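Student: Residue numbers (our numbering): 83 to 258. The beta carbon of each residue, even a glycine, is placed where N, CA and C say it ideally should be. Nothing here was measured: the structure is a model prediction, and the numbers come from that model. Right, I'll just put the structure down here and ask away after.
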């Protein structure tokens, strides 16, 4: 699904999530923007960029990430979708391989769980699973809007990683 930058900017602003049109156009023209851009950027009055991972209602902004857990049989990968409004995990998928179906399954489970998700933003990092055509198709089927953070932007991951940190602390570390 192709979207013009002006349409993308209008959509993000009407949903309460600001973005810089100039920045999106510049990144797109330089080939730095993938299949979906960073739509969670807010420009303050001093021109500095900040990421805003807040939502005014449920199904407005979802955060998506993958983590691994070591088990006796090998690594197990978990992809979780977190609703920024409620802080709840609305969908997840587990697999022994970190491939595209892992991310697609998590988004599919989230859409089944939440029902009407039309226009929801799905923010992720720049992993290959989140840049895949299959995931872009899944987002388009449910009228979700994909958003990606910048490469090596640790501030992007804090909201998503908080769940994985609690999971490790309360589940994995109890075994020792």
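Between 141, 139, 145, which has its C-alpha nearest residue 229's C-alpha?
Tutor: That would be 145, whose Cα lies nearest to the Cα of residue 229.
Student: Taking only three categories from DSSP, how would you classify residue 220?
Tutor: Helix.
Student: Among residues of its own chain, excluding the 5 on either side of residue 220, which ones have a beta-carbon nearer than 7 Å to its beta-carbon?
Tutor: Excluding residues within five positions, the ones whose Cβ falls inside 7 Å are 186, 189, 190.
Student: Just to confirm, is the Cβ distance from residue 158 to residue 203 under 8 Å?
Tutor: The answer is no: Cβ separation not under 8 Å.
Student: Are residue 163 and residue 140 closer than 8 Å when you measure CB to CB?
Tutor: Against a cut-off of 8 Å, the Cβ pair of residue 140 and residue 163 comes out as no contact.
Student: With DSSP collapsed to three states, give me the class of residue 101.
Tutor: A caution first: residue 101 carries a pLDDT of 48, below 50, which makes its placement in the model unreliable, though a value can still be read off. It is coil, neither helix nor strand.
Student: Does the beta-carbon of residue 253 have 16 or more other beta-carbons within 10 angstroms, so that it is buried, or is it exposed?
Tutor: Counting Cβ neighbours within 10 Å, residue 253 comes out exposed, since fewer than 16 surround it.
Student: Can you look up residue 253 in the DSSP assignment and give me helix, strand or coil?
Tutor: Coil at residue 253, not helix or strand.
Student: What's the gap between the Cα of residue 208 and the Cα of residue 201?
Tutor: One C-alpha to the other measures close to 21 Å.
Student: Tell me whether the beta-carbon of residue 184 lies closer than 8 Å to the beta-carbon of residue 148.
Tutor: Result yes, Cβ atoms of residue 184 and residue 148 sit closer than 8 Å.
Student: Is residue 168 helix, strand or coil when you go by DSSP?
Tutor: Three-state DSSP puts residue 168 in coil, outside helix and strand.
Student: I believe residue 206 touches residue 182 by the beta-carbon criterion, under 8 Å. Please report the beta-carbon distance rounded to the nearest angstrom.
Tutor: Not really, about 13 Å apart at Cβ, beyond 8 Å.
Student: What separation, rounded to the nearest whole angstrom, lies between the Cα atoms of residue 175 and residue 160?
Tutor: Whole-angstrom Cα-Cα distance: 6 Å.
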